[in-house]
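Here's the structure, in structure tokens; my notes come after.
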Amino acid sequence: MDLEKGTNKLIKRLTQAQPRPVLYRLGIGFVGLSLLALLAIFYPSISNELKYRLSPPKADAEVKLTPSDTQNGGKEYIVAA
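By the count of our numbering, the sequence shown reaches residue 73 at its end, each step adding exactly one.
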């Protein structure tokens, strides 16, 4: 019996729900627009950072290995950019 009474109360409350006040809706809209503005401001730097972190590093110049003149008979190499 209590379950039936509770469900009837719930149905009554849901069918008589009032719409949200105007200031509440404006506040939600303002928060949404603020988030969009922040996304628009920081999106380029975020996307550049992600591109930099996700892409493999690229060499600016060719790397040439030349044998060095050492007592090891040229088995060590010098990296010259």
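Virtual Cβ for every residue (Gly too), placed ideally from N, Cα, C.
For residue i, the three-state DSSP class (helix, strand or coil)
| i | result |
| --- | --- |
| Pro11 | coil |
| Pro36 | helix |
| Ser47 | coil |
Inter-residue Cα distance where the pair is residue i and residue j
| i | j | result |
| --- | --- | --- |
| Gly19 | Leu42 | 32 Å |
| Tyr16 | Ala29 | 20 Å |
| Glu(-4) | Ile38 | 54 Å |
| Leu27 | Asp(-6) | 45 Å |
| Phe34 | Pro13 | 32 Å |
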